[in-house]
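What follows is a short report on a single structure.
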Amino acid sequence: MNDKTDMNDTTDKPAVFTDTHTHLADPLLTERAAEVIRQADGAGVRRFIVPSANRGDWKAVSDLAADNIIPAFGIHPWWAGGTSERQDLDSLADYLAGHPQAWVGEIGLDYLRASDDAQRQRQRGLLAAQLQLAGDYRRPFVLHNVRSTADLLVLLKQYRNPCGGIVHAFSGSLEEAAAFCKLGLKIGIGSLLLNPQAKKPAAPPPNCLWNTSYWKPTARICRKAARLPIYPA
1 MNDKTDMNDT TDKPAVFTDT HTHLADPLLT ERAAEVIRQA DGAGVRRFIV
51 PSANRGDWKA VSDLAADNII PAFGIHPWWA GGTSERQDLD SLADYLAGHP
101 QAWVGEIGLD YLRASDDAQR QRQRGLLAAQ LQLAGDYRRP FVLHNVRSTA
151 DLLVLLKQYR NPCGGIVHAF SGSLEEAAAF CKLGLKIGIG SLLLNPQAKK
201 PAAPPPNCLW NTSYWKPTAR ICRKAARLPI YPA
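Just so you know, the UniProt record's numbering puts 178 at position 178 of the sequence shown, and the rest follows in order with no gaps.
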């Protein structure tokens, strides 16, 4: 996300970016998080949205919260159907209540990981509950989508949220991007763009945001992302 807003300003000002999806709380990165943030800051990446995957991540994400680090608490679809799901959702509500700046995420559907209808139904139920929480607490959300666009759009229409959200690591069609944007969401473009074989995004530039999504090369990706031309979002 580029924070430069005056498109008529022709002065040579450095771009300032927000990494809209980075796992700074990953245990493999804990000891290097400060260094990664410092290196990213030097490249113009000044703010970070840090999502979680399940209840086990929430404390670490909470500990990172700062003026420039926005926590996101949620249960990833890979963890749908757990025996403690009801308690986890209650705990999620507590974390949202205790962190007014927090987003909800990473949430969504992943049909590559759901091999049968029962698993997909569990994912949809978990997502519906978390979209309800996002609406109740008026929070934006970070959305995971793998081979599930049709069902995802149905749920997003059912649980309309004026705060919007980001479709993380989007790799779908222009038509799919337009459908998400029509619901008030932004399109997150991830580190896939650094792959020389990757195609250029066709989504409308004002609705595109950058994210790294991966812990290991975070600082390198942030430096490269900061050099890319991007429209304000």
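Every residue, glycine too, gets a C-beta built ideally from N, C-alpha and C.
Could you tell me whether any Cβ in chain D is nearer than 8 Å to the Cβ of residue i?
{"i": "residue 158", "result": "Protein chain content of the structure displayed is limited to a single chain, and chain D is not contained in it."}
Could you tell me if the beta carbon of residue i falls within a distance shorter than 7 Å of some heavy atom in the ligand HEM?
{"i": "residue 137", "result": "Only the bare structure without any ligand can be found here, which leaves the ligand HEM out of the picture."}
Determine the contact status of residue i and residue j, defining contact as a CB-CB distance below 8 Å.
{"i": "residue 51", "j": "residue 81", "result": "no"}
{"i": "residue 188", "j": "residue 209", "result": "yes"}
{"i": "residue 140", "j": "residue 164", "result": "yes"}
{"i": "residue 26", "j": "residue 77", "result": "no"}
{"i": "residue 146", "j": "residue 112", "result": "yes"}
{"i": "residue 53", "j": "residue 103", "result": "no"}
{"i": "residue 45", "j": "residue 17", "result": "yes"}
{"i": "residue 49", "j": "residue 20", "result": "yes"}
{"i": "residue 166", "j": "residue 143", "result": "yes"}
{"i": "residue 177", "j": "residue 170", "result": "yes"}
{"i": "residue 207", "j": "residue 186", "result": "yes"}
{"i": "residue 68", "j": "residue 47", "result": "yes"}
{"i": "residue 95", "j": "residue 62", "result": "yes"}
Using DSSP with H/G/I as helix, E/B as strand and the rest coil, what is residue i?
{"i": "residue 96", "result": "helix"}
{"i": "residue 18", "result": "strand"}
Measuring only the C-alpha atoms, how far is residue i from residue j?
{"i": "residue 100", "j": "residue 135", "result": "13 Å"}
{"i": "residue 221", "j": "residue 42", "result": "Only weak support exists for where residue 221 lies, its pLDDT of 46 falling under 50; the value from the coordinates is given anyway. Rounded to whole angstroms, residue 221 to residue 42 spans 13 Å at the Cα level."}
{"i": "residue 55", "j": "residue 138", "result": "21 Å"}
{"i": "residue 87", "j": "residue 15", "result": "43 Å"}
{"i": "residue 155", "j": "residue 127", "result": "8 Å"}
{"i": "residue 129", "j": "residue 85", "result": "10 Å"}
{"i": "residue 106", "j": "residue 23", "result": "11 Å"}
{"i": "residue 132", "j": "residue 117", "result": "22 Å"}
{"i": "residue 90", "j": "residue 211", "result": "29 Å"}
{"i": "residue 121", "j": "residue 168", "result": "21 Å"}
{"i": "residue 66", "j": "residue 190", "result": "23 Å"}
{"i": "residue 97", "j": "residue 40", "result": "30 Å"}
{"i": "residue 108", "j": "residue 182", "result": "18 Å"}
{"i": "residue 32", "j": "residue 124", "result": "36 Å"}
For residue i, report the span of its beta strand (DSSP E) as first-last.
{"i": "residue 108", "result": "103 to 110"}
* **Contiguous alpha helix (DSSP H) assignments of at least 4 residues, all confined to the stretch 20 to 89** => 33 to 42 and 55 to 64
* Asked: Of all the beta strand (DSSP E) runs that stay within the bounds of the stretch 114 to 188, which reach a length of 3 or more residues?
  -> If only uninterrupted beta strand (DSSP E) runs of at least 3 residues are considered, those enclosed by the stretch 114 to 188 are 141 to 146 and 165 to 167.
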